[in-house]
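There are 2 protein chains.
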Amino acid sequence: MSKKAKTAITPTREENFPEWYQQVIKAADMAENAPVRGCMTIKPYGYAVWENMQRIFDDRIKELGVQNAYFPLLIPLEFISREAEHVEGFAKECAVVTHHRLEAGPDGKLQPAKSAKLEEPYVIRPTSETIIGDAMARWIQSYRDLPMKLNQWCNVMRWEMRPRIFLRTSEFLWQEGHNAFENEEQARDDTHKMLNAYAEFAENSLAIPVIRGEKTADERFPGAVMTLTIEAMMQDGKALQAGTSHYLGQNFAKSCEIKFQSREGVEEYAHTTSWGISTRLIGALIMSHADDDGMIMPPRIAPHQVGIIPIIRNDADTDEIMSYIDDLVAKLKAQGIRVNIDDSEGRTGDKMWGMIKQGVPLRVEIGGREVDEGTLTHTRRDLGRDSKASCSVDEFAGSVQGILDAIHDELYRRAQTLRDENIKDVSGLGELEALFKDNFAGFARMDVALIEGADYERITKQHSLTSRCMPLDAPDKVIVGKAY
Amino acid sequence: MSKKAKTAITPTREENFPEWYQQVIKAADMAENAPVRGCMTIKPYGYAVWENMQRIFDDRIKELGVQNAYFPLLIPLEFISREAEHVEGFAKECAVVTHHRLEAGPDGKLQPAKSAKLEEPYVIRPTSETIIGDAMARWIQSYRDLPMKLNQWCNVMRWEMRPRIFLRTSEFLWQEGHNAFENEEQARDDTHKMLNAYAEFAENSLAIPVIRGEKTADERFPGAVMTLTIEAMMQDGKALQAGTSHYLGQNFAKSCEIKFQSREGVEEYAHTTSWGISTRLIGALIMSHADDDGMIMPPRIAPHQVGIIPIIRNDADTDEIMSYIDDLVAKLKAQGIRVNIDDSEGRTGDKMWGMIKQGVPLRVEIGGREVDEGTLTHTRRDLGRDSKASCSVDEFAGSVQGILDAIHDELYRRAQTLRDENIKDVSGLGELEALFKDNFAGFARMDVALIEGADYERITKQHSLTSRCMPLDAPDKVIVGKAY
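For the protein sequence lines, the chains are R and H, in the order given.
83 is the number of the first residue of the first sequence in the working numbering; add one for each residue after it.
83 is the number of the first residue of the second sequence in the working numbering; add one for each residue after it.
Okay, structure coming up:
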């Protein structure tokens, strides 16, 4: 017989990390593969995480003077061709619309109608620099129109041959911000400002510690002069690029004709930036925090921050227990706490495991004894049964926000510890190669000068490594690792 | 010389209603035609209206137990073919994706890559009954899984040959709700419940009075058993269908195999509904409330409820006036009022006309005299300069919510009066024909039995009329009119 404790998720992280990831998503009921090649369906519990992310980050960008708008899904081929590197980067993965009508074919099955072939096909946006640049060219006339800061929350499409839910799907949801400025200094400064907004969001809302860095030339966004990134380490030691902020120089301004009358009365090209985060952050959440029993939701984006399980041993108690719970819920909701009561027909044990697998940060059980005593029993998802404790309803209502904050801090601390323990300094390429030959699961940090030359290319290719970033606080270094 | 008062919008409603509509959108900076056939770009001020609509209605549907989720943009042809009427209704206007990569053609220009032709093309969703039905078939096993109420906020595409901003565009934004129930009674009941949610939203948030009715068989959603609608009258007397709620019977449940184990242990098909509102509501807002000086925003969805114009006659006053305004803004924001200060470089008159054209419900002017007196001057957009009044800052802060409510009520009253004055009862088809021959701009109401037969078809065709609905409070009648 195995000595292992039984876990709710099979396999465990150690046994098979990629399969564990899929099973956590399934057990938490967050998403599934769609019947459309490479696409996912985001189920209500997963979508609620995205809604919470949107709400928090949308408030933040509005504070930073960004305005939301909406640009077309379809992009004319001519637009996407304008910027040479950009088209090179995206042409290989574009979904192409060629017809605008269906008709019955000779076999009676539907097919694209021959008479409805588009003269000029469109691509479904893989990103919107070109079409937003085209609008900015019309909307910006003078320095008085600058800075212009636009954002859209939308779907985009990049055809994926090897999809993975949340991490790499042909269609995904994101926000894409597009800002325009008078000069390079303002634009570069804003590129850093948006990266900081991402880093603070990852750390303060998602409990994911990130390295703020600049991408090396090879890893830049197609068409960018500078790409900044936040890189997180997943529990298997791999990197996940969690958000990027690009300084595009005047490349798109020139290809889209974004010109303005300067303060000196001279016509100049604007300096533009773009910045985005996507539903892959949900994948980052899972691989940062979940354990072998399932998801652990960081409290600030958890769909349910507190989950309540009524323990009803005989029907006569039902009304009393439920009204006791209603009082508690009112106290929690008055504080803005998101509460879920599982009053379904199931067994208490199943409900408890359901909440564990969904990663509800704080579970509360209330039965007849608790009602008699005026108490409740609560358990932290991150600490498990050892954290089970009883207290009065008022005491709980008074401390619940503090407990949620403590859970956030604990998740952050764990992720940071794991990451810091798995960053190794290496002094040369020999050491780098030896490290990953030995199946090292983590990041190597070394002098950035070492990435020049064929040897680095050979080693990274052989071990599926990439340059993740040059940390902003140590720009002469580079972080190297495997990545999602 | 013309005796007409000069208006901010040219032409006026009377001169050319369709062109007036376009000019109001342009003057308010809400949207523009996109460089993609039939599509629009929603500019920040227009998108802010949509965001406010979303926030209000999303809260409402969550109260009704609906969960948001996200389903794929692309729909396999095989799915859309499953329901015969449905495919008939939508096949003619589908954008079809046939390739997943671009390549350079012989002329160096990009073209769909021949080697990346999809075996089975996809359509961009015109609506998602079929793909959501496919998911429900997997997610629903037992009566315990019912009712299931799902919604998504997303973009959809229906190829338009004669597009008009907000009213008819190839791509538009909407919410589509899809609910499943155990039996017909529950499903029909819910179809009415969602229609009522729309009607209340239109009346209480958008200040648009609506007729709640059922569509005649000809006008039903493709695949529906019953389509309920809310119909509004625009200022030119035309109808605008502002929201629909469909009872789909078991049609989609059968074509998608949405089966469940009933309470009696028998396998049954679910009864499903779908319901949607879209960005065309912004068009309805404009045509309901705007006047010859531009937009008038109903206060509850206005991006800026109060617009403040500092009147600075000499630079020395600037700090004093701006700090006075900051105090006012703090008092308004504390009440949740959305405030905009126009502290740009322009002239006071231009700023005032800017706010008029954007339809800011309540304008406030503050200059040196107001600061000295501790007062402010305010003007209602709906009543114009006659409503200009002064009061103390505290008095204003105490009454602003009441003034905004009064503006809402006034806009609603005007729209209702206009509508009620332009509904004519007709007793036969001869009278109907005579009415519209005489260029009647409004709705005719008559016995529903009159729509059977060739005469009705001839008259409606000749005068571009349609049966709008059979009012729920007078189901033996039908409303007939021109429509958007």
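From the three backbone atoms N, C-alpha and C, an ideal C-beta is built for every residue, glycine too.
Would you verify that the beta carbon of residue i is, or is not, closer than 8 Å to some beta carbon of chain H?
i              : result
residue 149(R) : yes
residue 473(R) : no
residue 88(R)  : no
residue 194(R) : yes
residue 249(R) : no
residue 188(R) : no
residue 116(R) : yes
residue 205(R) : yes
residue 154(R) : yes
residue 414(R) : no
residue 99(R)  : no
residue 337(R) : no
Given that residue i touches chain R, what residues does it touch there, using C-beta distances under 7 Å?
i              : result
residue 280(H) : Within 7 Å Cβ-Cβ: nothing; residue 280(H) doesn't reach chain R, min ~22 Å.
residue 108(H) : Going along chain R, no residue has its Cβ under 7 Å from residue 108(H), so there is no contact; the nearest lies around 12 Å.
residue 245(H) : Per Cβ cutoff of 7 Å: no residues; residue 245(H) is ~12 Å from chain R at best.
residue 217(H) : 123
residue 129(H) : 150, 151, 152
residue 163(H) : 192
What residue does the alpha helix (DSSP H) around residue i start on, and which one ends it?
i              : result
residue 212(R) : 211 to 221
residue 490(R) : 475 to 503
residue 169(R) : 166 to 172
residue 159(H) : 159 to 162
Do we get a CB-CB distance below 8 Å when we pair residue i with the residues of chain R?
i              : result
residue 84(H)  : At residue 84(H), the pLDDT of 48 sits below 50, so the modelled position is not reliable and the matter cannot be decided from this model.
residue 142(H) : no
residue 174(H) : yes
residue 225(H) : no
residue 102(H) : no
residue 237(H) : yes
residue 158(H) : yes
residue 553(H) : no
Residue i lies in the beta strand (DSSP E); which residues open and close that run?
i              : result
residue 230(R) : 230 to 239
residue 465(H) : First-last for residue 465(H): undefined, no H or E at that position.
residue 456(R) : Residue 456(R) -> no beta strand (DSSP E), and no H or E assigned at all.
residue 101(R) : Unbroken run through residue 101(R) is the alpha helix (DSSP H), 99 to 110; no beta strand (DSSP E).
residue 206(H) : 199 to 206
residue 124(H) : 122 to 124
residue 513(R) : No beta strand (DSSP E) contains residue 513(R), which is instead part of the alpha helix (DSSP H) from 511 to 519.
residue 192(R) : 192 to 194
residue 175(H) : Careful: residue 175(H) lies outside any beta strand (DSSP E) and carries neither H nor E.
residue 96(R)  : Residue 96(R) -> no beta strand (DSSP E), and no H or E assigned at all.
Interface residues of chain H around residue i at Cβ under 8 Å?
i              : result
residue 183(R) : 173, 174, 175, 176, 178, 241
residue 427(R) : 226
List the residues of chain H that residue i touches, going by C-beta distances under 7 Å, in chain order.
i              : result
residue 125(R) : 151
residue 133(R) : 150
So residue i contacts chain H; which residues on that side make the cut at Cβ distance below 9 Å?
i              : result
residue 511(R) : Result: empty, since nearest Cβ-Cβ is about 36 Å, beyond 9 Å.
Within the present structure, is the beta-carbon of residue i separated from the nearest heavy atom of the ligand NAD by less than 7 Å?
i              : result
residue 455(H) : As for the ligand NAD, it is missing from this structure, which has no ligand bound.
So residue i contacts chain R; which residues on that side make the cut at Cβ distance below 8 Å?
i              : result
residue 562(H) : Simply none; closest approach about 30 Å.
residue 253(H) : 154, 155, 156
Residue i versus chain R: which residues are under 9 Å apart at the beta carbon?
i              : result
residue 169(H) : 184, 192
residue 481(H) : Those within 9 Å of residue 481(H) in chain R number zero; the least Cβ separation is about 28 Å.
Beta strand (DSSP E) segments (min. 3 residues) lying fully within the segment 263 to 316 of chain R: 293 to 296, 308 to 315
Stretch-stretch touch, CB-based, cutoff 8 Å, three pairs: the segment 397 to 411 of chain H with the segment 317 to 327 of chain H: no
Stretch pair the segment 222 to 231 of chain H + the segment 199 to 214 of chain H: three plus CB contacts closer than 8 Å: Too few Cβ pairs lie closer than 8 Å, so no.
Beta strand (DSSP E) runs contained entirely in the segment 524 to 566 of chain H, provided each spans 3 or more residues: 525 to 529, 548 to 553, 559 to 563
At least three beta-carbon pairs within less than 8 Å, the segment 443 to 460 of chain R to the segment 472 to 486 of chain R: A contact exists between the segment 443 to 460 of chain R and the segment 472 to 486 of chain R.
Contained beta strand (DSSP E) runs [length at least 3] in the segment 307 to 389 of chain R, N- to C-terminal order: Runs of the beta strand (DSSP E) inside the segment 307 to 389 of chain R: 308 to 315, 321 to 329, 341 to 343, 349 to 351, 353 to 360.
Stretch-stretch touch, CB-based, cutoff 8 Å, three pairs: the segment 173 to 188 of chain H with the segment 173 to 191 of chain R: Yes, the segment 173 to 188 of chain H is in contact with the segment 173 to 191 of chain R.
The segment 187 to 203 of chain H / the segment 107 to 117 of chain H touching (three or more Cβ pairs under 8 Å): With the cut-off at 8 Å, the segment 187 to 203 of chain H and the segment 107 to 117 of chain H do not touch.
Runs of alpha helix (DSSP H) lying entirely within the segment 393 to 464 of chain R, each at least 4 residues, in chain order: Counting only runs of at least 4 residues, the segment 393 to 464 of chain R fully encloses the following alpha helix (DSSP H) elements, listed from N- to C-terminal order: 400 to 416, 430 to 440, 450 to 455.
Segment contact, 8 Å Cβ cut-off, at least three pairs: the segment 369 to 381 of chain H with the segment 280 to 292 of chain H: yes
The segment 271 to 280 of chain H in contact with the segment 372 to 389 of chain H per 3-pair CB rule at 8 Å: no
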